[in-house]
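Report on the following structure.
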Amino acid sequence: MFHVKQSSSTSTAGYGVDTPLARELADLTARRRALESVTVGFDGPTRVFTISNQKGGVGKTTTAVNIGAAMADLGAKVLVIDLDPQGNASTALGVPHTADLRSIYDVLISDVPLADVVQESPESPNLLCAPSTIHLAGAEIELVSQVAREHRLRTALNDYLAAHPADVVIIDCPPSLGLLTINAFTAATEVMIPIQCEYYALEGLSQLLGNIRMIQKHLNPDLTMSTILLTMFDGRTRLAQQVAEEVRGHFPHEVLDTVIPRSVRVSEAPSFGQTVIAYDGQSVGAVAYREAAVEIARRASENEKGH
Ligand code: ATP
Ligand code: MG
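Following UniProt numbering, the numbering of the sequence shown begins with 1 at its first residue and continues without gaps.
Right, dumping it as structure tokens:
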């Protein structure tokens with residue numbers, strides 16, 4: 001299992017200055033210390049999250065892999081399912097996903113067992129990934145003619161979990177509301193929506209919530225919209241603060257207290273085939289993702305139904 005590095009170099013105790021930067025560093029040091037002593041249990045039934053937002057580039061994949069890695073680090077057995085033909089989650093988890101390899105595409109289209117495509121991330125034996133390959137790009141169309149086309153992931157996942165128990169499954173969705181995303185909604189118990197703190201953040205959200213309601217009605221009555229995570233937050237701008245306030249006003253129960261800041265380390269990590277938890281587990285972005293994972297783990301899974 002991956003172990004978080006100890007930090008010793010960032011204490012501001014001896015600085016003797018009271019500047020905003022010193023306060024920020026002291027705060028970060030306290031947060032790192034708090035995380036070191038955190039314990040959370042993963043005793044209940046498997047929680048299956050789908051990370052969804054049809055807006056592109058809002059932090060879905062970053063959230064899927066980093067929450068997954070942080071939960072694995074907390075002791076959970078985690079399976080990340082990469083349901084995006086872009087394969088970014090597979091890349092970030094250091095899992096091979098070239099076109100010649102079997103992938104989630106073969107599970108959805110050719111009934112290959114999920115266990116046959118799942119790989120261990122080099123980061124942790126607790127962190128597994130069902131990779132996507134470029135073939136998945138054709139799946140939206142190929143699924144249309146398949147029997148039980150909305151249930152194929154759910155069936156494959158249930159068969160897998162019966163033999164390979166996991167505490168948490170995280171499905172990374174593409175930025176669209178097509179059949180791949182519908183398969184994810186049908187397989188999931190919870191929807192997590194990352195929202196980027198910028199203008200237009202809430203645009204398209206009502207369409208997403210409408211889709212979730214439709215899935216609840218027709219395909220998966222157990223689905224809850226449990227979690228909203230504010231991402232790429234830049235506290236220096238009034239706009240980011242206004243967006244955060246607005247989202248919290250609309251969804252007071254769903255928005256996590258933890259906010260993910262915009263951070264260079266977070267954006268660098270995938271180019272090393274790593275999550276930020278492994279790449280720089282003490283950086284401000286990693287600390288925020290680790291805090292978010294703790295918060296999610298502590299929340300009851302049976303939150304209110306989505307609005
Ligand atoms: P898509 O819709 O294309 O699947 P996405 O919603 O999965 O996109 P990501 O790929 O996770 O979004 O993030 C988009 C870009 O923003 C990436 O380059 C990522 O590295 C960067 N990014 C995400 N979160 C952060 C952050 N907290 N700080 C800095 N950069 C970030
Ligand atoms: Mg993505």
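Glycine is no exception: its CB is placed at the ideal position from the N, C-alpha and C atoms. Remember, predicted model here, so these are calculated numbers, not experimental data.
Inter-residue spacing [alpha-carbon to alpha-carbon] between residue i and residue j
| i | j | result |
| --- | --- | --- |
| valine 255 | threonine 189 | 17 Å |
| tyrosine 200 | phenylalanine 49 | 24 Å |
| aspartate 82 | arginine 33 | 32 Å |
| alanine 292 | serine 37 | 15 Å |
| glycine 249 | valine 259 | 15 Å |
| tyrosine 15 | alanine 269 | In this prediction, tyrosine 15 has a pLDDT of 49, which is less than 50 and means its spatial position is unreliable; nothing more can be read from the coordinates. |
| leucine 136 | arginine 298 | 34 Å |
| asparagine 158 | alanine 148 | 15 Å |
| valine 264 | serine 271 | 12 Å |
| valine 40 | glycine 204 | 34 Å |
| asparagine 183 | threonine 19 | 50 Å |
| threonine 224 | glutamine 207 | 16 Å |
| aspartate 257 | serine 267 | 22 Å |
| lysine 217 | leucine 143 | 21 Å |
| valine 169 | glutamate 245 | 30 Å |
| lysine 55 | leucine 202 | 10 Å |
| glycine 138 | arginine 23 | 51 Å |
| glycine 44 | glutamine 242 | 36 Å |
| isoleucine 215 | valine 65 | 25 Å |
| leucine 127 | alanine 162 | 18 Å |
| cysteine 129 | glycine 57 | 21 Å |
| isoleucine 51 | arginine 238 | 27 Å |
| serine 145 | leucine 25 | 56 Å |
| isoleucine 277 | threonine 61 | 14 Å |
| arginine 213 | valine 107 | 27 Å |
From the options, residue whose alpha carbon lies closest to that of residue i
| i | options | result |
| --- | --- | --- |
| arginine 262 | Lys77, Gly281, His253 and Phe233 | Phe233 |
| lysine 77 | His151, Thr181, Pro165 and Val144 | Pro165 |
| leucine 21 | Val284, Ala297 and Glu203 | Val284 |
| glutamate 120 | Ala69, Gly281, Asp222 and Asp84 | Ala69 |
| leucine 28 | Ala286, Thr155 and Pro85 | Ala286 |
| threonine 63 | Met214, Glu295 and Thr275 | Thr275 |
| tyrosine 160 | Leu79, Ser90 and Leu114 | Leu114 |
| glutamate 227 | Pro96, Val191, Arg152 and Gln86 | As written in the sequence, residue 227 is threonine, which differs from the glutamate given in the question. Measuring from the Cα of threonine 227, the nearest candidate turns out to be Val191. |
| isoleucine 109 | Lys217, Leu153 and Gln242 | Leu153 |
| proline 122 | Ala130, Val65, Gly94 and Asp116 | Gly94 |
| threonine 155 | Pro174, Ile104, Ile141 and Cys129 | Ile104 |
| valine 294 | Leu35, Leu25 and Ala26 | Leu35 |
| glycine 273 | Val107, Ala26, Ile51 and Ser90 | Ser90 |
| isoleucine 296 | Leu25, Gly57 and Leu74 | Leu74 |
Whole-Å CB distance - residue i paired with residue j, under 8 Å assumed
| i | j | result |
| --- | --- | --- |
| alanine 99 | isoleucine 134 | 5 Å |
| asparagine 53 | isoleucine 193 | 5 Å |
| isoleucine 67 | tyrosine 279 | Between tyrosine 279 and isoleucine 67 the Cβ distance is about 15 Å, and since that is not below 8 Å, they are no contact. |
| residue 380 | serine 124 | Outside the shown range of the chain (1 to 307) lies residue 380, about which nothing can therefore be said. |
| leucine 180 | asparagine 211 | Wrong, their Cβ atoms sit about 13 Å apart, outside the cutoff. |
| arginine 102 | valine 112 | 6 Å |
| valine 80 | aspartate 172 | 7 Å |
| proline 174 | proline 96 | Their Cβ separation, rounded to whole angstroms, is 20 Å, which puts proline 174 and proline 96 out of contact at 8 Å. |
Chain-order list of residues whose beta-carbon lies under 8 Å from that of residue i (same chain, five-residue window excluded)
| i | result |
| --- | --- |
| alanine 240 | Cys197, Glu198, Phe233 and Asp234 |
| arginine 47 | Asp167, Val168, Val169, Thr189, Glu190 and Ser301 |
Own chain partners of residue i with C-beta closer than 6 Å, once the 5 adjacent residues on each side are dropped
| i | result |
| --- | --- |
| leucine 219 | Glu150 and Thr186 |
| alanine 30 | none |
| threonine 231 | Gly59, Pro194, Gln196 and Ile260 |
| aspartate 167 | Phe42, Ala76 and Lys77 |
| serine 7 | For serine 7, the pLDDT reaches just 40, beneath the cut-off of 50, and the residue's location in the model is therefore unreliable, although a value from the coordinates is still provided. The residues are Arg32 and Gln282. |
| phenylalanine 251 | Ile228 |
| alanine 13 | In this prediction, alanine 13 has a pLDDT of 45, which is less than 50 and means its spatial position is unreliable; nothing more can be read from the coordinates. |
Min CB distance residue i to chain B below 8 Å
| i | result |
| --- | --- |
| isoleucine 215 | Of the protein chains in the structure, only one exists, and it is not chain B. |
beta-carbon residue i near the ligand SAM non-hydrogen atom, thresh 7 Å
| i | result |
| --- | --- |
| lysine 60 | Of the ligands this structure carries, namely the ligand ATP and the ligand MG, none is the ligand SAM. |
Same chain, Cβ closer than 7 Å to residue i, five either side skipped, listed in chain order
| i | result |
| --- | --- |
| arginine 236 | none |
| glutamate 140 | Gly178, Leu179 and Leu180 |
| aspartate 116 | Arg102 |
Could you tell me which uninterrupted beta strand (DSSP E) segments, each at least 3 residues in length, are contained entirely in the region 75-155, listed from first to last along the chain? 78-82 and 127-130
Output the residue ranges of the alpha helix (DSSP H) runs that lie fully inside the region 233-278 and measure 4 residues or longer, sorted by chain position. As far as the region 233-278 is concerned, its whole alpha helix (DSSP H) runs of at least 4 residues are 238-250 and 264-268.
Along the chain, which unbroken stretches of the alpha helix (DSSP H) at least 4 residues long are found entirely within the region 173-239? 179-187 and 205-218
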